[in-house]
Amino acid sequence: MSVAKNTYNRVTTNSLLKMKANGEKISMLTAYDFTLAGLVDQAGVDVILVGDSASNVIAGHETTLPITLDQMIYHAGAVIRGVKRGLVLVDLPFGAYQGDSKEALKSAIRIMKESGAHAVKLEGGFQVKSSIERIIQAGIPVMGHLGLTPQSIYKFGTYTVRAKEEAEANQLIEDAKMLEEVGCFGLVLEKVPAKLAEKIALIVSIPVIGIGAGNGVDGQVLVLHDMLGMSKEFSPRFLRRYLDLHTEIIGAIQQYTNDVKTKDFPNESEQY
Ligand code: KIV
Numbered sequence: 130m131s132v133a134k135n136t137y138n139r140v141t142t143n144s145l146l147k148m149k150a151n152g153e154k155i156s157m158l159t160a161y162d163f164t165l166a167g168l169v170d171q172a173g174v175d176v177i178l179v180g181d182s183a184s185n186v187i188a189g190h191e192t193t194l195p196i197t198l199d200q201m202i203y204h205a206g207a208v209i210r211g212v213k214r215g216l217v218l219v220d221l222p223f224g225a226y227q228g229d230s231k232e233a234l235k236s237a238i239r240i241m242k243e244s245g246a247h248a249v250k251l252e253g254g255f256q257v258k259s260s261i262e263r264i265i266q267a268g269i270p271v272m273g274h275l276g277l278t279p280q281s282i283y284k285f286g287t288y289t290v291r292a293k294e295e296a297e298a299n300q301l302i303e304d305a306k307m308l309e310e311v312g313c314f315g316l317v318l319e320k321v322p323a324k325l326a327e328k329i330a331l332i333v334s335i336p337v338i339g340i341g342a343g344n345g346v347d348g349q350v351l352v353l354h355d356m357l358g359m360s361k362e363f364s365p366r367f368l369r370r371y372l373d374l375h376t377e378i379i380g381a382i383q384q385y386t387n388d389v390k391t392k393d394f395p396n397e398s399e400q401y
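Sequential numbering from 130 applies to the sequence shown in my numbering.
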């Protein structure tokens, strides 16, 4: 069953703006490799995010900080080769854009040139404004990311909901307006109160994609491995699991091991 209108042969930043204007919700999921990116794309997801969550999900790090620009480019190249329809968006990793705007532009250009990605995403508001401006001036589409920004986890000290206090909420609104003003084509809002997220989605004309930000925004994003239930450990309130792949995969692999040990596999039709 599909409720997506799917009238966009190739999703572009322009199609996302149109989706918001038409009230069509935008679906976004992460992918880090060719095979899963192909499945996500065939299923009709609009935006495929090569997230720096690869640092956690693929490499097993506790935070997103260790992943490098070279590693992000490697993942992005694999995803691009698997995608025909969706817009492929790539995270600029920690350390690749915070220093100065020249460094930020160099990093964004490397991602676009070496992977063939369609756009980049980076975390933060006014503190990274000059980097965002410089990247956009070079013709590279940028998506912002506000609220819980995991690259700043050591500053926050916790992964709890952001902007519950008025001062932080007001700052978030100003940051979102600034992202629109400098030309971002959208922004992610992570783990902020649903009412605040809805207010921001009404204020700005660019699409607001939420994760743990309620249903009043213009689209949703989840980490693919989380929504497929690959792990049982990570269970935030915002996560809906659509499969229990953890159980399925372990069951299948146990069955295979058992078949090998009992000499059931391979049978006659499975040999030459
Ligand atoms: O890296 C990532 O997966 C993300 C999403 C959580 C939005 O940035």
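The C-beta atom is built at its ideal place from N, Cα and C for all residues, glycine as well.
Item: How about the stretch 145 to 154 and the stretch 325 to 338: do they share at least three Cβ pairs that are nearer than 8 Å?; Value: yes
Item: Can at least three beta-carbon pairs, one atom from the stretch 195 to 209 and one from the stretch 262 to 270, be found at a separation below 8 Å?; Value: no
Item: With a threshold of 9 Å between beta-carbons, can Val311 be considered close to chain D, or not?; Value: This model lacks chain D altogether, as it is built from one protein chain only.
Item: Would the C-beta of Leu98 count as close to the ligand KIV, meaning under 8 Å from any of its heavy atoms?; Value: Because residue 98 is not part of the residues shown, which for the chain are 130 to 401, the question remains open.
Item: Under 9 Å between the Cβ atoms of Thr141 and Gly315?; Value: no
Item: I need the DSSP call for His375, collapsed to helix, strand or coil.; Value: helix
Item: Closer than 8 Å to a non-hydrogen atom of the ligand KIV - does that hold for the CB of Thr159?; Value: yes
Item: Using a threshold of 8 Å, is the CB atom of Ser244 nearer than that to any non-hydrogen atom of the ligand KIV?; Value: no
Item: Which residues share a DSSP beta bridge with Ile155?; Value: Gly348
Item: DSSP state of Ala205, grouped into three classes?; Value: helix
Item: Can you tell me which of the three DSSP states Asp181 falls into?; Value: coil
Item: So, using beta-carbon positions, are Val271 and Glu309 closer together than 9 Å?; Value: no
Item: Over the uninterrupted alpha helix (DSSP H) stretch that includes Leu277, give me the two end residues.; Value: Neither: Leu277 is in no alpha helix (DSSP H) and is coded neither H nor E.
Item: For Met307, which residues of its own chain have a beta-carbon under 7 Å away from its beta-carbon, when the five flanking residues on both sides are left out?; Value: Gly254, Phe255, Lys258
Item: My assumption, with CB atoms under 8 Å, is that Leu277 sits in contact with Lys320. Please give the rounded CB distance.; Value: 4 Å
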